[in-house]
Amino acid sequence: MKFNKTLIATSLLAALALSGCGSDSNNSDTSTPPTDSKTKTITVIDGYLTEAEVCADKNNNKLCDNGESIGLTNEKGQLTVSKELASYPLIAKVIAGKTKDSDSIGYVANSYTMGASKELNVITPFTTMAHNDNISLDELASQLNLDSKTISGDYVADKATNKEATKAHLIARSVTSALPENLTQLNKDQITKVVTATQKTIEKHENNGTLSELDDVRVVIDEAGNVEEQELINNLHSYLTSKDAWFLGSMNQDYMNDEGIQKAIYKEDGTSEWFEQDGTSSGKESFKVDGNHFIEADGSKGDEFIFTSPNLALTVASGDGNDLLFWTPKALDDTFTPELLTKNQFENKTWFFVGDDSTSHTPEPMMAEMKFSPLTENGVGTVTITENGESFEITWQLKEFNEFGQHNVLFLDFPEGDSDMKVMPITKGNGLMLVSDLARQSELFNLFVDSKEQAETIIKKWINAQQ
């Protein structure tokens, strides 16, 4: 279905995400690649990165050019390459919505690229920093006050016997938040900022005797450029039970009309309690999880978590309906307050809208690109909306709105005959934002995503769940 003016007014009903594609290939070999005298095994690590694309940088320009791609890593983050190709500097492209990280559940939310000098056996944030600065790993280890042997190898495997490896792993996964998609755009100041904050986190835990907790956090740069400590979501049971309550709902209008916003509390003993919209309990049930799936009573895999963050998650439902659902610990009741919107979140930004075109219980996922111009002196900018190669332009601005308390909404001004939109942000997390349109129905929800690859993966998983 084309994303024309009328479609925007009807289908874009709740869309805004601020913050990633790719194929959901299951062809990665899970075994350790064989090696011989003419090959070597390369391991790509933040945690172990599955379906990261490895390239030989033959012209040493820090880009994966046409003809330089070697292949994708397996579930151990490994790929066998010829020694001839390994004689070049190597690049690993971590692709949002396609690559998986053993550090967390779901797919990587933001794309980034890592590099390594020739002849190394690993590609990591450490090899990336050293390669970018044209220094040895020994020199980098000295700068970071870490053991050179630890950062030169598989620090994930070494954690069982080496506490320095636990520190190195935290620094590595934190540095990835400052790594760009294009290595030529690497910002050393941003990396230094993250490393410094991470070292302070390590010092704090050392002083408190809580080094074991380093595996539960990471340090990231937020949208405003500030450094913050964030929970690491690496265990679904812990993720579910760590929140006081979850509020969840369908991205499909008919299911939302039937079910409304649901509330659930997950407990450590493996039980969950569900509540009606008036707050009364609707019953308790047991739950089991494995990896990023719920497990059904017959032992089969149930709903799958395809995206997780501290304040927002997405699941693809199994069985009848095969719906896409949002989950948030943010209270969607009488105490709700919207997220803050600022012009910096839109000016010169491109977002990818993910929505449901359906007028029935059968989802019809769709995606469109939205490019925002800067605001003019009178506070109005333009948005170019493109779907299936066809584009048109409308205007945007931020307006004050007083429902749910005083806050800004994204106002999208459509031509006469089409309904304008007042888009209110509900919650956000790692490149996604859940929103609702106050000009229409406040309980219809959609997403904007800051990565095309991530948006495409959400669409693909949603479609595949129906097959």
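Using mature numbering (1 follows the signal peptide of the UniProt record, and there is no 0), the letters of the sequence shown map in sequence onto residues -22 to -1, 1 to 445. Note that the Cβ used here is the ideal one computed from N, Cα and C, for glycine as well.
Under the DSSP definition of a beta bridge, Y66 lacks any partner.
DSSP, read as helix, strand or coil, puts N99 in coil.
When only Cα atoms are considered, K221 and P307 end up about 6 Å apart.
For V134, the enclosing alpha helix (DSSP H) stretches over residues Y133 to D136. Spanning the alpha carbons of E29 and L292 requires a straight line of approximately 21 Å. In terms of Cα proximity to S264, the closest of I149, E378, D247 and Q255 is D247. Taking the Cα positions, S82 is about 14 Å away from K76.
As the crow flies, the alpha-carbon of L319 is around 11 Å from that of F379. Look at N185 here: in three-state DSSP terms it is helix. Judged by DSSP in its simplified three-state form, N39 adopts coil rather than helix or strand.
If you draw a 10 Å sphere on the C-beta of T179, you find 16 or more other C-beta atoms in it, and that means buried.
Note that the C-beta distance between K262 and E251 is below 7 Å.
Non-local C-beta neighbours of E209 in its own chain, meaning closer than 7 Å and more than five positions away in sequence, comprise D194, V195 and P288, ordered along the chain. Around P352, the same chain offers E325, N326 and G359 as residues with beta carbons nearer than 7 Å, after the five sequence neighbours per side are excluded.
A straight-line Cα-Cα distance of about 20 Å links A223 and P403. For T337, the closest of D232, L118 and T105 by C-alpha to C-alpha distance is D232. The C-beta distance from I129 to V153 rounds to 11 Å, too long to fall under 8 Å, and the pair is not in contact. Shown here, K377 sits in a strand according to DSSP, grouped into three states.
Leaving aside the five residues that flank V100 on each side, the residues in its chain whose CB is nearer than 8 Å to its CB run, in chain order, I20, T21, V22, I23, A94, S130, G131 and D132. Between the alpha carbons of K439 and D116 lies a gap of roughly 43 Å. Put simply, the backbone Cα of A175 is about 7 Å away from that of V205. The three-state secondary structure of S259, taken from DSSP, is strand.
In its chain, beyond the 5 residues on either side, D35, N38, G93, A94, S95, K96 and H109 have a beta carbon closer than 7 Å to the beta carbon of P67. For V153, the uninterrupted alpha helix (DSSP H) run begins and ends at K141 to V153, by DSSP.
C-alpha of A146 to C-alpha of D136: approximately 10 Å in a straight line.
For S47, the uninterrupted beta strand (DSSP E) run begins and ends at S47 to L50, by DSSP.
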